[in-house]
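A.B. asks: Here you go, one structure.
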Amino acid sequence: MLVSGCVGETAGFNTQLLYFTCSSLTEDDRYLFLITDRTGSPNVAVRDLRTGEERVLTDNRNGIMKSYVYFDGQPGRGLSKASVSLDAGRGIAYYIQDDEIRCVDLAGRIRVLNRIPDGRMTAFTHVSSDGKRLCVPMTDGRCLDYDPKTEGEGLDRRPVYNIDRRVQDENLSSYLCVYDTESGGLLYEKQVPKCWITHVQFDPVNPDIILYNHEWACFDCGIRRMWLYDRARDEIRRVRTEGADTLGDPRGFARKRGDWVCHEMWSEDGRYIIYHGGYENGPAMVGRYDLSCGQYHEIALPDDYKSYGHFTMDAEGNLVCDGYYRHPGDVVIERENSTDNGPDPHKKDGLYISFVRPDWEAGKLTWTPLCRHDSDWLGQDAHPHPVFSHDGKTVYFNSRTGRYVKVYSVPVVKNI
7 MLVSGCVGET AGFNTQLLYF TCSSLTEDDR YLFLITDRTG SPNVAVRDLR
57 TGEERVLTDN RNGIMKSYVY FDGQPGRGLS KASVSLDAGR GIAYYIQDDE
107 IRCVDLAGRI RVLNRIPDGR MTAFTHVSSD GKRLCVPMTD GRCLDYDPKT
157 EGEGLDRRPV YNIDRRVQDE NLSSYLCVYD TESGGLLYEK QVPKCWITHV
207 QFDPVNPDII LYNHEWACFD CGIRRMWLYD RARDEIRRVR TEGADTLGDP
257 RGFARKRGDW VCHEMWSEDG RYIIYHGGYE NGPAMVGRYD LSCGQYHEIA
307 LPDDYKSYGH FTMDAEGNLV CDGYYRHPGD VVIERENSTD NGPDPHKKDG
357 LYISFVRPDW EAGKLTWTPL CRHDSDWLGQ DAHPHPVFSH DGKTVYFNSR
407 TGRYVKVYSV PVVKNI
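So the sequence shown is numbered by our numbering: it starts at 7 and just counts up by one.
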């Protein structure tokens, strides 16, 4: 097993990757974009992986802004850590600060595009692959209308009430807000009633299509999590349906509304959507939906692979994962992780960064552990969230094994 290396000097402060639905690396794999609190407040930084030079690009001095995942941040003030997304082709990071939608380039030039309307809560953003559109998901602010100090619970001070249930009962809406990255103008806003959207991703080939989610679905998670919006047709359709026509896995688990599904993302060619989760009263699984023919392939994991994790994909269709894998004889560290008390059925106690080669037709996964990450998983920032470099030769990930979150890299060796 390989040994990972820390990326940069991070003693005395936290440094983490951008959220894994976008790359943290420019297309030439030279520049790594990061979020760091070395200045006392979180800011966007960039590291030149050739020279080792690291620079803070943004100017936030007001702490963390309240948004999805960062529930105890300040309303409308500070950096929205969830909002940072990268245009990898042009080296431009988009982010929300003090309710302004901004961008910053490698030279540190900051530009304000627009503002977040009053009374709305934001989440993870995404840039189209051509760099021309930015999607900012928003939800009626009532969804997180509470005092985290007195009405919050757990490490992340999430509300004690069920957010999705409030959205349903009070008929709240989310909005797919798409902006022109050049002019900053709002191109369109698609309202989605009774929906809490936190993840959005443009189709890598057709930016008229957006993959989005219903977060923390309080019912029917197996069929309510993943959705597609086609702007050209103004149509919304469900991605995962109920059915027994799933291909690949010889055990043949049917897709049910009572399943748990999460962390959807596109393949690089826009043909597939991959996701993971767990079958109702059954094992964990990873799945793939083929948009060209409407087929589902899902592979159930071994029964002892019960550690929550994330899957991301390289250009060749290989996967990297930060959870699930168990080496015989592993001793699992028992810790009080209050973020376990969510809709997902698996504990956040994974130990490894693993290269995973899927054979979708045969229903088989080949796991190669690259290194131990040993993160404590305590809070969103300590989730490893591994991502491939664009050339597929390196994996970058977060880990906290002491006081601070740091970024690490490990080479990809496909047959150790």
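Virtual Cβ for every residue (Gly too), placed ideally from N, Cα, C.
#1: Measure the CB-CB distance between H132 and S89 and report whether it falls below 8 Å.
#2: For the beta strand (DSSP E) that K370 lies in, which residues bound it at each end?
#3: In the structure shown, what three-state DSSP assignment does A113 receive?
#4: Select from C28, M232, V166 the residue whose C-alpha is nearest the C-alpha of V267.
#5: Using DSSP bridges, identify the partner residues of I280.
#6: Starting from R171 and walking both ways along the beta strand (DSSP E), at which residues does that stretch end?
#7: Using CA coordinates, which residue listed in T27, I242, G46 is at the minimum distance from P392?
#8: Suppose only complete runs of 3+ residues qualify. What are the beta strand (DSSP E) ranges in the segment 51-124, listed by chain order?
#9: Expressed to the nearest angstrom, what Euclidean distance is found between the alpha-carbon atoms of V401 and P417?
#10: Whole angstroms are fine: how far does the CA of T145 sit from the CA of T128?
#11: Ignore the nearest five residues each way along the sequence and tell me which others in I98's own chain have a CB closer than 6 Å to its CB.
#12: May I ask you to list the residues that DSSP assigns as paired with I22?
#13: Identify every residue that forms a DSSP beta bridge with K155.
#14: Can you pull the DSSP bridge partners for N219?
#15: Counting only the same chain and skipping the five closest in sequence on each side, list residues whose C-beta sits under 6 Å from that of D236.
#16: Starting from H303, trace the beta strand (DSSP E) in both directions and tell me its first and last residue.
#17: Check each candidate in S405, Y285, D382, G79 and name the one with the smallest Cα separation from D350.
#18: Identify the continuous beta strand (DSSP E) that holds T404 and give its terminal residues.
#19: Between which two residues does the beta strand (DSSP E) harbouring L325 extend?
#20: Assign G147 to one of three DSSP states: helix, strand, or coil.
#21: Can you confirm whether the segment 170-185 touches the segment 194-203 when touching is taken to mean that 3 or more C-beta pairs between the two stretches lie within less than 8 Å?
#22: Quick check on D424: does DSSP put it in helix, strand or coil?
#23: Does the Cβ of A51 have 16 or more other Cβ atoms within 10 Å, making it buried, or fewer, making it exposed?
#24: In whole angstroms, what is the alpha-carbon distance linking Y278 and R244?
#25: Can you look up D186 in the DSSP assignment and give me helix, strand or coil?
#26: Using a Cβ-Cβ cutoff of less than 6 Å, which residues in the same chain neighbour D93 once the five nearest sequence positions on both sides are dropped?
#27: Among the residues of its own chain, which have a CB less than 8 Å from the CB of I305, if the five just before and after it don't count?
#28: Considering only C-alpha positions, which residue in the set F403, N324, V337 is nearest to T374?
C.D. replies: So, from the data block:
#1: No, the Cβ-Cβ distance between H132 and S89 is not below 8 Å.
#2: That run of the beta strand (DSSP E) goes 370-378.
#3: In this structure, A113 counts as coil in the three-state DSSP scheme.
#4: Comparing alpha carbon positions, the residue from C28, M232, V166 closest to V267 is M232.
#5: For I280, which the question treats as bridged, DSSP gives the partners M271, R294.
#6: First-last for R171: 169-175, but that is the alpha helix (DSSP H), not the beta strand (DSSP E).
#7: Nearest option by C-alpha distance: T27.
#8: Those beta strand (DSSP E) runs which fall completely within the segment 51-124 and span 3+ residues are 60-62, 91-93, 98-103, 106-111, 116-121.
#9: The straight-line gap from Cα to Cα measures roughly 6 Å.
#10: Distance between the alpha carbons of T128 and T145 is about 7 Å.
#11: Closer than 6 Å at the Cβ level, and outside the excluded window around I98, lie C109, D111.
#12: Strictly speaking, residue 22 in this sequence is Gln, with Ile absent from that position. In the DSSP output, where bridge partners are listed per residue, Q22 has I41.
#13: When DSSP reads this structure, K155 sits in no beta bridge, so it has no partner.
#14: Answer is M232, bridged to N219.
#15: Excluding sequence positions up to five before and after D236, its CB lies within less than 6 Å of the CB of I215, all in the same chain and listed in chain order.
#16: Note, H303: beta strand (DSSP E), 301-306.
#17: Out of S405, Y285, D382, G79, Y285 has the C-alpha closest to the C-alpha of D350.
#18: Note that residue 404 corresponds to Asn in the displayed sequence, not to Thr. 400-405 is the span of the beta strand (DSSP E), which, as asked, contains N404.
#19: It spans 325-327 - the beta strand (DSSP E) in which L325 sits, taken as one unbroken run.
#20: Under the three-state reduction of DSSP, G147 is assigned to helix.
#21: Counting Cβ pairs under 8 Å, three or more are found: they touch.
#22: Because residue 424 is not part of the residues shown, which for the chain are 7 to 422, the question remains open.
#23: By the neighbour-count definition (other C-beta atoms within 10 Å, threshold 16), A51 is a buried residue.
#24: Roughly 14 Å separates the two Cα atoms.
#25: The answer is strand: DSSP assigns D186 an E or B state.
#26: Counting only Cβ-Cβ distances below 6 Å, and skipping sequence neighbours, we find V133, G137.
#27: Hits under 8 Å: G254, D255, M291, V292, G293, P364, W366, G369, K370, L371.
#28: Looking at the Cα atoms, N324 is the closest of the given residues.
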